[in-house]
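Everything on this sheet refers to the single structure shown next.
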Amino acid sequence: MKPFLKWILLATTALTGCDQGSSTDITLHYSETPPTTSITVYRFAIHPLHNPQKLIETFQPLINDLNQHLDKARIELEASRDYQVYEDKIDRLEPAFLLPNPWQTLVAMKKGYNVIAMAGNANDFKGIIIVRRDSNINTPQDLIGKTVAYPSPTALAAAIMPQYFLHQAGLNINKDIKNNYVGSQESSIMNVYLGSAAAGATWPPPWRAFKKDNPQEAAQLKVIWQTKPLLNNSVMVRDDVPPELAEQVRKYLLKLHHRDQGQKILAGMETEQFYAADNARYDLVRDYVQRFEQNVRLVRQP
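Per the numbering used here, the very first residue in the sequence shown carries number 1; after that it's consecutive.
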């Protein structure tokens with residue numbers, strides 16, 4: 001089975017990382033004094049900009065390298081099955097570190113997270129709409145009565161921004177088209193390739209990755225429209241994480257592109273570099289989402 005088909009299947013399956021216990025007896029050693037060093041493990045949850053398998057392949061090198069630069073702490077990468085599962089984790093304050101999309105960033109601020117960096121160039125954060133090259137779609141009006149695929153209602157670049165684009169082009173996205181939320185960026189693209197949707201929304205990094213991994217399939221697709229850029233995904237830290245650790249992670253991310261190894265890691269993530277950012281930087285997103293909800297729909301579906 002081709003890799004991209006495996007991704008689609010795996011996107012519907014939650015990841016489990018449970019080690020099976022051994023029946024072998026283990027001798028326990030006791031000490032009257034506490035250990036001189038201890039390692040605390042913190043979870044770093046990336047929002048589902050890829051399906052779980054692809055996300056781990058993409059971001060594990062970053063986490064491995066980051067751990068080489070930390071003292072008395074270790075970071076573990078956490079993937080999520082879909083956007084809803086990820087957002088539930090934010091609501092419960094489960095991960096210590098987040099890489100959420102800009103809308104999820106606003107939600108996380110209210111829960112007790114703060115921005116320490118922006119993950120990628122802001123100009124790269126835009127929605128793109130893909131169709132088959134052999135389709136008859138030429139204008140937004142050609143989508144009337146047809147299905148458009150998106151990863152999730154809360155995907156900012158891959159749902160909210162494309163829907164706002166179609167709204168501004170004259171479509172009533174709640175009546176003129178069928179919106180199909182398919183769970184992942186790859187699934188949105190594949191729905192177009194397989195003919196299940198007339199168009200699919202995604203954003204540049206997953207589209208670039210898809211073209212590299214599946215050149216034959218990508219050759220049958222094309223980007224027909226793209227939105228204006230906004231702000232890229234953030235990196236956030238929970239309020240109760242030790243400030244010195246948060247600062248270590250922030251400095252590591254901002255300097256990553258200066259090293260050869262860092263450039264290789266960033267290339268695998270389809271990301272130029274990490275940029276300095278704080279909560280106030282995302283006020284622009286708050287204003288955008290407010291206009292979207294006033295004119296198009298609520299971001300979180302009832």
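Just so it is clear, CB atoms sit at the ideal spot from N, CA and C, and this is done for glycine as well. Computed from a predicted model, the values in this text were never measured in an experiment.
As assigned by DSSP and simplified to three states, the class of residue i
i: GLN226; result: strand
i: LEU106; result: helix
i: THR33; result: Only weak support is given to the placement of THR33: the predicted model assigns it a pLDDT of 43, under 50, and the value that follows is read from those uncertain coordinates. Of the three classes helix, strand and coil, the one that applies to THR33 here is coil, per DSSP.
i: ARG132; result: strand
i: LEU284; result: helix
i: ASN179; result: strand
i: LEU231; result: coil
i: HIS202; result: Note that residue 202 corresponds to Thr in the displayed sequence, not to His. THR202 falls in the strand class under three-state DSSP.
i: PRO46; result: It is worth fixing the name first, because residue 46 is Ile in this sequence and not Pro. In the structure shown, ILE46 sits in a strand (DSSP, three-state: E or B).
i: ILE75; result: strand
i: PHE97; result: strand
i: VAL249; result: helix
8 Å contact criterion, which residue i and residue j should meet: CB distance rounded
i: GLY268; j: PRO102; result: Not really, about 22 Å apart at Cβ, beyond 8 Å.
i: VAL299; j: THR154; result: 6 Å
i: ASN174; j: THR147; result: Going by Cβ atoms, the distance from ASN174 to THR147 rounds to 14 Å, so no, they are not a contact pair.
i: ILE177; j: LEU143; result: 5 Å
i: ILE46; j: LEU93; result: Contact flag wrong, Cβ pair sits at about 17 Å.
Alpha-carbon spacing of residue i relative to residue j, whole angstroms
i: MET109; j: MET236; result: 9 Å
i: LEU156; j: PRO242; result: 30 Å
i: ILE189; j: SER38; result: 45 Å
i: GLY120; j: SER196; result: 31 Å
i: ASN214; j: ASN191; result: 14 Å
i: ARG238; j: ARG43; result: 11 Å
i: ASP283; j: GLN104; result: 13 Å
i: GLY145; j: ARG81; result: 30 Å
i: ASN172; j: LYS211; result: 31 Å
i: ALA158; j: THR202; result: 4 Å
i: VAL249; j: ALA117; result: 10 Å
i: LYS264; j: HIS69; result: 17 Å
i: PHE125; j: ASP71; result: 33 Å
Cβ-based neighbour list, residue i, same chain, cut-off 8 Å, excluding 5 preceding and 5 following
i: ASN295; result: TYR164 and HIS167
i: VAL41; result: ALA73, ARG74, ILE75 and GLU76
i: HIS29; result: Only weak support is given to the placement of HIS29: the predicted model assigns it a pLDDT of 41, under 50, and the value that follows is read from those uncertain coordinates. Around HIS29: no qualifying Cβ.
i: TYR193; result: ARG132, GLU217, GLN220 and LEU221
i: GLN261; result: ASP65
Own chain, CB closer than 7 Å to residue i, minus 5 neighbours either side, in chain order
i: ALA169; result: PRO140
i: ASN279; result: MET109, ASN114 and VAL115
i: ARG133; result: GLN220, LEU221 and LYS222
i: PRO95; result: ARG43, PHE44, ALA45, GLU78 and LYS89
Cβ neighbours of residue i in the same chain (closer than 6 Å, five flanking residues each side left out)
i: LYS328; result: Outside the shown range of the chain (1 to 302) lies residue 328, about which nothing can therefore be said.
i: GLU270; result: PRO205, ARG208 and ALA209
is_contact[residue i, chain D] using C-beta, thresh 8 Å
i: LYS228; result: In the structure shown, chain D cannot be found, because there is only a single protein chain.
**Message:** Using 8 Å as the cut-off, can you tell me whether the segment 176-195 makes contact with the segment 44-63, which would need three or more C-beta pairs spanning the two stretches below that distance?
**Reply:** yes
**Prompt:** At a cut of 8 Å, does the segment 247-267 reach the segment 152-168 through at least three beta carbon pairs?
**Reply:** no
**Asked** Is there contact between the segment 219-234 and the segment 74-90, where contact requires at least three CB pairs shorter than 8 Å?
**Response** The segment 219-234, when compared against the segment 74-90, does not touch it at the 8 Å Cβ threshold.
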